[in-house]
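I have placed the structure first, in the form of structure tokens, so that the comments after it can refer back to it.
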Amino acid sequence: MFSSFTPPRQVTIGGAAAFVGTTPRAIRHYHQIGLIPEPERGSDDRRRYGYDEMIRLLWIRRMAEAGIALDDIRDALADAPGTADSDVARILDRLEGSLVARQAELEQQRKAVQRMRARGSRLGLLSDVVGDRLAGLREGALRQDDLDTLLVTERIFGELGASVQASRFIALAARPDLREASDRVDAAEEALDDTVAVDDPRVAEVAAERHAFETALRTVIDSSGLAQADDGRFDAWDELHPPPADAGSACGSTSLAETVRMMPYDFSPARLRCMELALELDGSGTT
2 MFSSFTPPRQ
12 VTIGGAAAFV
22 GTTPRAIRHY
32 HQIGLIPEPE
42 RGSDDRRRYG
52 YDEMIRLLWI
62 RRMAEAGIAL
72 DDIRDALADA
82 PGTADSDVAR
92 ILDRLEGSLV
102 ARQAELEQQR
112 KAVQRMRARG
122 SRLGLLSDVV
132 GDRLAGLREG
142 ALRQDDLDTL
152 LVTERIFGEL
162 GASVQASRFI
172 ALAARPDLRE
182 ASDRVDAAEE
192 ALDDTVAVDD
202 PRVAEVAAER
212 HAFETALRTV
222 IDSSGLAQAD
232 DGRFDAWDEL
242 HPPPADAGSA
252 CGSTSLAETV
262 RMMPYDFSPA
272 RLRCMELALE
282 LDGSGTT
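Heads up, our numbering is the position in the sequence shown plus 1, with the first residue counted as 1.
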């Protein structure tokens, strides 16, 4: 019975795929991305796979079934001289490290999804530091523009800056009269479009309105205790997050000034001048 069985020395790609449990297309993809060298072709110009190639294909198949990305498999097998236990252990150590990192990323994504479900899709996308401050507000107290502003602030100044800015929206939510005043000033500023000259008297008038509103809002924030809480928040943050050696790179590898310039705002020259005048009024202490 044994003498009648003669195993093939090599098999075609179809035979290799059938034995390993994959498809010829998948094996061709392995060749394209460098997972396994393309074997020599036979006289019929068809790929032929021997024992070593089949062993490597089996390893690739098992690792892929375990959920390991093909790129990770390729990197792990790149310098593996054979399939000895020591080589396999080293490969698995490297692959496990990759899986641990990926698991941490998935856990962060899962927490983000949970926040979005618990707090709403928009508020849940902000950091926990910001979201926790706003979680107690009544439904509808926050507007889309408020969340947009916090998102931009968090990108530029980080979660601490956005957390402090959240005091503004907490105060507006508690004072409908201030919210109405804010809406009036916003509408007046938006009316300063490209048809308004920078020296138009309305520019200075709106700047004075903006300054008066911001002064009133700061008074409410101070009297409500929100300002003191913000100061405490800064102190606690400094203790937990010492400034890095390169403090100038506030947004990753991009400087703060560069990040601010990246955000487009369709402001007319008249509106920009209005903003400048309002800042001048703040700096002069005019009431």
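A virtual CB, placed ideally from N, CA and C, is assigned to each residue, including glycine.
As the structure is a computational prediction, the values presented were derived from the model and not from experiment.
For SER168, the first and last residue of its enclosing alpha helix (DSSP H): Residues 145-175.
Selection from SER225, LEU93, ASP201 and VAL21 that minimises the alpha carbon distance to LEU273: For the residues SER225, LEU93, ASP201 and VAL21, the minimum Cα distance to LEU273 belongs to ASP201.
Residue environment, MET264, which counts as buried when at least 16 other CB atoms sit within 10 Å: Its Cβ having fewer than 16 others within 10 Å, MET264 is exposed.
Of the listed residues ALA271, GLN115, PRO38 and ARG180, nearest to ALA208 (C-alpha basis): Restricting attention to ALA271, GLN115, PRO38 and ARG180, the CA atom closest to the CA of ALA208 is found in ALA271.
C-beta atoms of ARG189 and GLU210 nearer than 8 Å: Reading off the sequence, residue 189 comes out as Ala, not Arg. Yes, the Cβ-Cβ distance between ALA189 and GLU210 is below 8 Å.
Stretch-stretch touch, CB-based, cutoff 8 Å, three pairs: the region 64-73 with the region 43-55: Inter-segment contact for the region 64-73 and the region 43-55 is absent: fewer than three beta-carbon pairs are separated by less than 8 Å.
Run of the alpha helix (DSSP H) containing LEU273, from where it starts to where it stops: DSSP places LEU273 inside the alpha helix (DSSP H), whose first and last residues are 270-285.
First and last residue of the uninterrupted alpha helix (DSSP H) at TYR31: Here the alpha helix (DSSP H) through TYR31 covers 25-33.
8 Å Cβ cutoff met for LEU96 and ASP73: Contact: yes.
Residue of GLU160, THR216 and CYS275 minimising C-alpha distance to ARG234: Per the C-alpha coordinates, the member of GLU160, THR216 and CYS275 positioned closest to ARG234 is GLU160.
Neighbour-count burial assignment, GLN166, 16 or more Cβ in a 10 Å radius: Flag for GLN166 reads buried.
Local Cβ density within 10 Å of THR291, reported as buried at 16 or more and exposed below that: A query on residue 291 cannot be resolved here, the shown segment of the chain reaching from 2 to 288 and no further.
Whether ALA163 touches LEU127 by CB criterion (8 Å): Contact flag set, yes.
CA-to-CA distance, ARG111 to GLU206, given in whole angstroms: Cα to Cα, the separation comes out at about 49 Å.
Nearest to ASP129 (by Cα), restricted to the options LEU151, GLN145, ARG144 and ILE14: With distances taken between Cα atoms, ASP129 lies closest to LEU151.
Three-state secondary structure (DSSP) of TYR50: Three-state DSSP puts TYR50 in a strand.
Limits of the alpha helix (DSSP H) - the one that GLU210 falls within: That run of the alpha helix (DSSP H) goes 202-224.
Pair within 8 Å by beta-carbon distance, ASP40 and ARG49: Checking the sequence shown, residue 40 turns out to be Pro, not Asp. Yes; because the gap between Cβ atoms is below 8 Å, this pair is in contact.
Close beta carbons around ALA27, own chain, < 8 Å, minus the five adjacent residues each side: Closer than 8 Å at the Cβ level, and outside the excluded window around ALA27, lie ALA18.
For ARG75, three-class secondary structure by DSSP: Here DSSP, grouped into helix, strand and coil, assigns ARG75 to helix.
Nearest-angstrom Cα separation, counted from PHE158 out to GLN104: Approximately 29 Å, taken between the alpha carbons.
Exposure of GLY132, with buried meaning 16 or more beta-carbon neighbours within 10 Å: Buried, because 16 or more other Cβ atoms sit within 10 Å of the Cβ of GLY132.
Burial state of PRO9 (16 or more Cβ within 10 Å): Under this definition PRO9 is an exposed residue.
Distance, GLU155 Cα to ALA113 Cα: For ALA113 and GLU155, the gap between their C-alpha atoms comes out near 16 Å.
Residue of GLU277, THR196, LEU71 and THR13 minimising C-alpha distance to GLY35: When only C-alpha atoms are compared, the closest one is LEU71.
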